[in-house]
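For reference, the structure is listed below as structure tokens.
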Amino acid sequence: MAHGTAAVAKVDSPRSPYARRKTTRGNYELYSWVFMRASGVVLLVLIFGHLFVNLMVGEGVHAIDFAFVGGKWSNPMWQVWDLLMLWLAMIHGTNGVRTIINDYATKDVTRGILKGLLFLAFTVVVVLGTLVIFTFDACPPDAPAELLASFCTA
Amino acid sequence: MPTAPAGTLYRGREGMWSWVAHRVTGVLIFFFLLVHVLDTALVRVSPEAYNAAIGTYQTPIMGLGEAGLVAAIVFHAFNGIRILLVDFWAKGPKYQKVMLWVVVGLFVVTMAGFLPRHLINVFTGGH
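Chains as they are written, first to last, in the numbering used here: chain A, 332 to 485; chain B, 33 to 159.
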């Protein structure tokens, strides 16, 4: 049998470039870093718009009541706005608090408990908020008409 | 006093304090967000329940709290843009201190636009 080049054990050239050892952890932290920056820019627009419409226009915070929410969520634009704001803000905020827990909670048990509570809060708030936006009824039939948006009685 | 920083990565001043402020405001905003989704969820209980909860947001003390919350959000937003520029703009790290003072300037201008209107609504508005 001839010694073909393919059969010879491959040895790295002494000048071969340094290759970082592969880890099994994936690129989760990289994606998280990118997400914080991308979602941050979108959230700036969404939240500044939210604050302007709810606190600056008209009577500001005094104008907010059930009828005000009914008027806003009868418009699909505000439904999408608030849904996107809910999801992006909750993921951005949860990921930020996760980073802080990782920085300051040094014991495995403490870190585990805090992150468990964090993910529980994330799940409850996101599921509840999403259901509220999609199942909201601006004109509940048994409610007093004076508490509802004007289009309920029109 | 040592002439060179030894054994520490954090050297205080603008870079570190803006990082601290970003964390503190971020945590404040996050906990408000949790409460805010829960109070808004009361629209699914009844108009009366929602109006009662939102009524507590319309008192003078909560009005001051909202001013603080908006201040936290405005700083976190503008400093977040500064972080983006530090990370993605080639000259970002060189100008990070200058950019913090730009953030503070924009913060003052934005709050000067927001605070009078909000405080007038809080202290003189209402039904």
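For glycine and all other residues, C-beta sits at the position ideal for the given N, C-alpha and C. All values reported here derive from a predicted model rather than from experimental measurement.
Think of a sphere of 8 Å around the beta carbon of T466/A: the chain B residues whose beta carbon falls inside it are R76, in chain order. Annotation for L374/A: M416, L419, A420, H423 place their beta carbon closer than 8 Å to its own, counting only its chain and skipping 5 residues before and after. Rounded to the nearest whole angstrom, the CA to CA distance from P79/B to N153/B is 23 Å. If you draw a straight line from the Cα of G145/B to the Cα of N433/A, it comes to about 37 Å. Separation of G447/A and V428/A (C-alpha to C-alpha, rounded to the nearest whole angstrom) is 12 Å. For the options V118/B, L151/B, N111/B, G124/B, the alpha carbon positioned closest to that of V136/B is the one of N111/B. For the stretch 44 to 66 of chain B, the set of positions with a beta-carbon nearer than 8 Å to some beta-carbon of chain A reads R55, G58, V59, I61, F62, L65, L66 in chain order. Judged by beta-carbon spacing, L459/A lies within the 8 Å limit of V69/B, meaning their Cβ atoms are closer than that value.
Taking C-alpha positions only, G371/A is separated from L382/A by approximately 16 Å. Two segments are said to touch when three or more pairs of C-beta atoms, one from each, lie closer than 8 Å; by this definition the stretch 49 to 67 of chain B touches the stretch 93 to 111 of chain B.
Residues of the stretch 378 to 397 of chain A with a C-beta less than 8 Å from any C-beta of chain B: I378, F379, L382, L386, M387, E390, G391, V392, H393, I395, D396, F397, listed in chain order.
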